[in-house]
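Chemist:
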Amino acid sequence: MTRTAILIACGLVAGPIIGGLVSGMDRILTARMQSRIGPPVLQPFYDVVKLLFKEPLVVNVWQAFCAYCYIAAASISVVLFFLQSDLLLIFFVQAVGAVFLVVGALSSTSPFSQIGAHRELLQILSYEPLLVLVVVGFYLETGSFKVADIYAWQHPLLLKLPFLFIVLGYALTIKLRKSPFDLSTCHHAHQELVKGLLTDYSGPFLALTEIGHWFEVVLLLGVCTLFWATSWVGMAVLLAGTYFLEVLVDNTTSRMTWRWMLSYVWGVGLTLSIVNLIWLHQG
Amino acid sequence: MQAVKRFINRLRSKSPWLLHFDCGSCNGCDIEILACLTPLYDVERFGIIHVGNPLHADLLLTSGTVNHRNKKVLANLYSQMPNPKIVVAIGACGVSGGVFREAYNVVGGIDKVIPVDVYVPGCPPKPEAMIDGVVLGLQKLLGLNEQKEA
Amino acid sequence: MDIRAGLIAILVLAPFGGAILCAVLGASRVIRSSIVLATGAVLIASALWLIPLVPFRLPAESFLGLNLHTLIQAADVVLLLIILYYGLKHKHLVIVALAVLQLLLTSYLEFFMLKGPLPVERVFCDHLSLMMVLIISIVGSIICYQAIPYMENHEHHYHILKSRQPRFFFVMLLFLGGMNGLVLFNDLTFIYFFFEVTTLCSFLLIGHDRTAIATRNALRALWMNSVGGAAFIVGIIAAYHETGTLELQKILATSGAGSGVYLLALALLCLASFVKSAQFPFQSWLLGAMVAPTPVSALLHSSTMVKVGIYLVLRLAPGFNGTLLSDSVAVFGAFSFLAGAALAVGQSNGKKVLAYSTISNLGLIFACAGLNTAEAMIAAMLLLAFHAVVKAMLFLSVGAIEQHIASRDIEDMRGLYAVMPLTALITVSGVIMMIMPPFGVLLSKWMAMEAAARNLYVIVMVALGSALTVIYWARWAGTLMSDPFAGRFRPEHQPVLTWLALGPLCVGGGVMSVLAPWLYTRMIVPMLASPYTPAYMNKAGSLENVYGTFAVLPLSVVALLGLVVAVIALKRAFHAKIASPYLSGIQTGEPSMFLGPMNQPVKAEAKNYYLDTIFGEARLTDWVNLGGGILLTLILGGAL
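Protein chains in written order, with our numbering: chain A, 26 to 308; chain B, 374 to 523; chain C, 373 to 1012.
#1: Do glutamate 316 of chain A and glutamine 139 of chain A have their C-beta atoms within less than 9 Å of each other?
#2: Short of 7 Å in beta carbon distance, which residues of its chain neighbour valine 538 of chain B, apart from the five on each side in sequence? Order them along the chain.
#3: Counting beta carbon pairs with one atom in the segment 255-274 of chain A and one in the segment 99-116 of chain A, are three or more of them shorter than 8 Å?
#4: Can you give me the C-alpha to C-alpha distance between methionine 485 of chain C and leucine 641 of chain C, rounded to a whole angstrom?
#5: Taking the straight line between their C-alpha atoms, what separation do you get for arginine 280 of chain A and phenylalanine 966 of chain C?
#6: Going along chain C in order, which residues have a C-beta closer than 9 Å to the C-beta of leucine 428 of chain B?
#7: Which residues, in chain order, does the segment 479-513 of chain B contribute to contact with chain C at a C-beta distance below 9 Å?
#8: Between alanine 846 of chain C and chain A, is the shortest Cβ-Cβ distance under 9 Å, so that the two count as touching?
#9: By the three-class DSSP mapping on this structure, what secondary structure does glycine 405 of chain B have?
#10: Would you mind telling me which residues of chain C sit closer than 9 Å to valine 446 of chain B, beta carbon to beta carbon, in chain order?
#11: When the Cβ atoms of the segment 379-390 of chain B are set against those of the segment 71-88 of chain A, are three or more pairs found closer than 8 Å?
#12: Considering only DSSP beta bridges, list what lysine 975 of chain C is partnered with.
#13: Measuring CB to CB, does glycine 771 of chain C end up less than 9 Å from proline 665 of chain C?
#14: Since glutamine 474 of chain C contacts alanine 602 of chain C with CB under 8 Å, what's their CB separation in whole angstroms?
#15: Decide if the segment 411-419 of chain B is in contact with the segment 497-516 of chain B; the criterion is three or more beta carbon pairs, one per stretch, under 8 Å apart.
#16: 9 Å is my cut-off, CB to CB: does tyrosine 226 of chain A come that close to chain B?
#17: DSSP state of phenylalanine 394 of chain B, grouped into three classes?
#18: Taking DSSP as the reference, what is the three-state secondary structure of tyrosine 492 of chain B?
#19: If you measure between the beta carbons of valine 104 of chain A and isoleucine 33 of chain A, is that distance less than 9 Å?
#20: Give, in chain order, every unbroken run of the alpha helix (DSSP H) that is at least 4 residues long and sits entirely within the segment 657-683 of chain C.
#21: Can you check whether the C-beta of asparagine 382 of chain B is within less than 9 Å of a C-beta belonging to chain C?
#22: Quick check on this structure: which residue in C:Met544, C:Met662, C:Leu659, C:Ala447 has the alpha carbon closest to the alpha carbon of serine 405 of chain C?
#23: Going by the CB atoms, is the gap between lysine 203 of chain A and leucine 245 of chain A shorter than 9 Å?
#24: Hey, which unbroken runs of the alpha helix (DSSP H) at 4 residues or more fall wholly within the segment 173-247 of chain A?
#25: Please return the same chain residues whose Cβ sits closer than 6 Å to the Cβ of serine 708 of chain C, not counting the five positions on each side in sequence.
#26: What residues of chain A sit near proline 809 of chain C, judged by a beta carbon separation below 8 Å?
#27: I'd like the ranges of any alpha helix (DSSP H) spanning at least 4 consecutive residues and lying wholly in the segment 260-288 of chain A.
#28: Could you name the residues of the same chain whose beta carbon sits closer than 6 Å to that of glycine 1000 of chain C, not counting the 5 residues immediately before and after it, in chain order?
#29: List, from N- to C-terminal side, the beta strand (DSSP E) runs of 3 residues or more that fit wholly inside the segment 389-467 of chain C.
#30: Taking only three categories from DSSP, how would you classify alanine 523 of chain B?
#31: In whole angstroms, what is the alpha-carbon distance linking valine 426 of chain C and serine 501 of chain C?
#32: Which ranges would you report for the alpha helix (DSSP H) in the segment 432-494 of chain B if only whole runs of at least 4 residues count?
#33: Would you mind reading off the limits of the alpha helix (DSSP H) that contains proline 747 of chain C?
#34: Shorter than 9 Å from the beta carbon of isoleucine 140 of chain A to some beta carbon of chain B?
#35: Is the separation between the beta-carbon of proline 65 of chain A and that of serine 48 of chain A shorter than 9 Å?
#36: Measuring CB atoms only, is the segment 890-900 of chain C touching the segment 142-151 of chain A, in the sense that at least three cross pairs come out at less than 8 Å?
And the structure:
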């Protein structure tokens, strides 16, 4: 019971802290790649605190409701991950948040918000099947959907699921809102539709969506660690390498269209997943 | 309580998000503002991010004299920014109307429409001067819990 | 008399009685409504009374002195003659041909094949039957209740002078009785008779409005369902030929044979089920049926009649466990799930979205039945129950919305919250119950995915389909709430019976979801005999097994807490400053207008992405029909 409580507390705290630090390092890395210095590593925390204490302004009161639902779902999914529960369930809980974010954006009549919301739906369409297939890959190799069992697996899963790791990379790129998939909304200097999905959120509600996003980042990085759960060094290398690649891809590619995203991610992603799954079936 | 407020204000001053609005400038100041946002001057060091929506902005950077057409827009944008907010008027035109002050369509300076916190004179001012002005404006955020006029 | 026999008789015959009373005395609105309310109450009470009594089997030889077998066969002939009459009346060659074919085959079965003893233990009521009876009686009655104000409005709106409501409720109640009959008997000829009853009722109800398009679509439903009926009777003949009995349970018990003709019989019965459940390539009748009044769509075409197909396949599943037939049914079901979801993405007509979503979910249940493992069967039964409740509620809400705004198009429902706040919220909660944990539909989808994970074809299609479902539901929910700013919540006025229908379905759906683990242990575990051993354990409100866990109760509690926090935030936001949305020009103070060119106010307009060029009906229908046809051929051919 107390162990559960500690894990829940860890999950709730780790999300914002790790997520914020990762976001800060992301910005510094991006800055260095662009030959500049960049903000301090704690900058995301400054941003979020500033936003939390701004005067609340809403375009539609339901945005407040949806922002809270989004962060609730994101945080619950991270807590479930820390509690080492069922990976497919964690995925579905995380999807709740994504839907509420879209509904909140659709509740504003601004065309920027609306188009951003539809692009977000297309992004969800692109990565959801792939995440499910990655989870299925874990199940086929270890015989269980539970995170506890996957962590207990004695061999590094990366060796058996290499293509599925690449597929997870695609899902991660979309979820992290990195080019070329940053269609619906994205980080600061890359804006297209004003702020797309998040255009009409402001102040405390924007802060909540940012913290929710951090939770999602922590969750996906957690899923990454499952691929080399046998050694801490391996995990660290995998995380660092993957994240570095994400930032590199973000800075070297430009935003594409949703048609390209859907056809490319589904085409390459499904092919890689199916090949890996067939390989697991035969093995 | 005071300590918490001071802490929050300190964090506010470390994360000013910037909205730029051109109130009829010749674009000389705007080009220099854009230069500020490039990697050469790297204002992201101060946490400054250029946003497109007044709902997200703390800092309104305005250039150009205001004219009778866009004064309503300027006021509208200012009202859409959530508190606390700072206004920085850039360039001689923004400060007082510059050389165009006497023209029939010119209102003559940003502070005729909205309250301005920092004036950055110049035609155009150098990017360093503008950054200096913005950082000066951030001081206002720090002093928010003390009695301040306007 | 045995109380169980009495309840069975009431469940099947009381609606017939109510129907006849409606037809005879139903001219007066008060009398008619009372009859419907009373029949519904009797059905609900009997269904609830039945709960502690299952499972049981009863002999049923005669009724009121007449031999039941002869009675049913005679009634069957009468029914087929009625269908023949309609076929002739509308000069529809296919219907005539199929009716004649079915008459010939039934006669062949009756006079040339049936030798030896007829089934005695005809009544078979286990937990699956009980689940169906509860859905039919409770959800069905609620839908009939909502139909009372709906049809009043409907006739008023279409300026129908001579009310046809007596006929409408006659058929609706008849249908309820027919459905109850279908799920409570063990004898294939009885099931076939009630199958035809539902076909006829569907035809009469789709064509209720007597417009050209209604008649056309009703005839289409009739001929397609007649194809199902023909397949059914051929299946019965084949099964009797192989096993020598008409009793379903005995037929399934001989599955050790596994020979070609036996499996072909099961495959033909499956084909009948697929037609009834509007799977591809037979989906067009269900889409066409959406022109009917919405209570018809809610009752027949989402909660009950289309569930006949899956009920039958779930019954048959133990019979084809472990065969190629089973695998092909699984792939077919998954294909339907994917295709239905894809077609729904391209639709802007609200009822058609609901129709495709229904087809999609039924496909998932078929896939589970085809997978034929314990987890899959549990998933199928849970999905059956939860889908019926939630889909009925969604159809009823769309019906209420449609009568208020005179349109079914989602684009016309933009910002509905401003006009009908409570109905919009109920619809959004319906959407939430369809796609989100911890609610039952998602619980069953989760279970289905975990059960399907070892079958590559199925899991890939289910993963793709599941992602597509998010799009059309989230899009709809967002469109309903797309109001420039939401002011004070003032619930709109609706007839009492409408709230009485929507409220219990909404609350019931939520409560049922929280109680899902106990639903599982009380209703589903007793049902699973060999070859399925109960897979999940109910651990303090979580459904858990060796490789997966779904914490229903803890998540529900946390979700409720989250809801409370979010509602508090919402209340506080009522006091926040309202900003105008970011439009494409100077704001005017009016939330959705901006100053455009020449300083003229322009109304901001937005439309949803329907991705017509990719997922449009015109684009995909031929391909999915082809795919469905190929898979069906695989099913029938592979059975041999």
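Even for Gly, the Cβ is constructed at its ideal location relative to N, Cα and C.
Modeler: The structure says:
#1: Within the shown structure, residues of chain A are numbered from 26 to 308, placing residue 316 of chain A beyond reach of any answer.
#2: Residue 538 of chain B lies beyond the residue range present for chain B, which begins at 374 and ends at 523; the question has no answer from this structure.
#3: Too few Cβ pairs lie closer than 8 Å, so no.
#4: If I take the Cα positions, the gap works out to 18 Å.
#5: The C-alpha of phenylalanine 966 of chain C is placed about 29 Å away from the C-alpha of arginine 280 of chain A.
#6: Within chain C, the residues placing a beta-carbon under 9 Å from that of leucine 428 of chain B are Ala951, Tyr954, ordered along the chain.
#7: Taking a C-beta cut-off of 9 Å against chain C, none of the residues of the segment 479-513 of chain B qualify.
#8: Yes, alanine 846 of chain C lies at the interface with chain A (some Cβ there is under 9 Å from its Cβ).
#9: The sequence given here places glutamate at residue 405 of chain B; glycine does not occur at that position. Assignment of glutamate 405 of chain B by DSSP, reduced to helix, strand and coil, places it in the helix class.
#10: Here the neighbours are Ile958, Gln959.
#11: Taking 8 Å as the limit for Cβ pairs, the verdict is that the segment 71-88 of chain A does touch the segment 379-390 of chain B.
#12: Lysine 975 of chain C has C:Met965 as its beta-bridge partners, per DSSP.
#13: Closer than 9 Å, so yes.
#14: Contact between glutamine 474 of chain C and alanine 602 of chain C is confirmed by a C-beta separation of about 6 Å, below the 8 Å threshold.
#15: Touching, per the Cβ criterion.
#16: It does; some Cβ of chain B falls within 9 Å.
#17: The answer is strand: DSSP assigns phenylalanine 394 of chain B an E or B state.
#18: Secondary structure at tyrosine 492 of chain B: strand, using DSSP grouped into helix, strand and coil.
#19: A distance below 9 Å separates the beta carbons of valine 104 of chain A and isoleucine 33 of chain A.
#20: Listed in chain order, the complete alpha helix (DSSP H) runs (minimum 4 residues) inside the segment 657-683 of chain C are 666-670.
#21: Residue contact with chain C for asparagine 382 of chain B: absent (no Cβ-Cβ distance below 9 Å to any residue of chain C).
#22: Nearest C-alpha to serine 405 of chain C: C:Met544.
#23: Taking the C-beta atoms as reference points, lysine 203 of chain A is found no nearer than 9 Å to leucine 245 of chain A.
#24: Runs of the alpha helix (DSSP H) inside the segment 173-247 of chain A: 187-200.
#25: Closer than 6 Å at Cβ, skipping near neighbours: Gln651, Phe652, Gly735.
#26: The contacting residues are Leu114, Phe117, Val118, Val121.
#27: Within the segment 260-288 of chain A, no complete alpha helix (DSSP H) run reaches 4 residues.
#28: Correct list, in chain order: Phe652, Pro653.
#29: Within the segment 389-467 of chain C, complete beta strand (DSSP E) segments of at least 3 residues are found at 428-430, given in chain order.
#30: Residue placement at alanine 523 of chain B is flagged as unreliable, the pLDDT there being 38, under the threshold of 50; a coordinate-derived value is accordingly withheld.
#31: So the alpha carbons of these two residues sit roughly 9 Å apart.
#32: Fully enclosed alpha helix (DSSP H) runs of 4 or longer: 444-453, 464-469.
#33: The identity of residue 747 of chain C in the sequence shown is glutamate, whereas the question assumes proline. For glutamate 747 of chain C, the uninterrupted alpha helix (DSSP H) segment begins and ends at 746-777.
#34: So, not an interface residue.
#35: No; because the gap between Cβ atoms is not below 9 Å, this pair is not in contact.
#36: Result no; under three Cβ-Cβ pairs closer than 8 Å.
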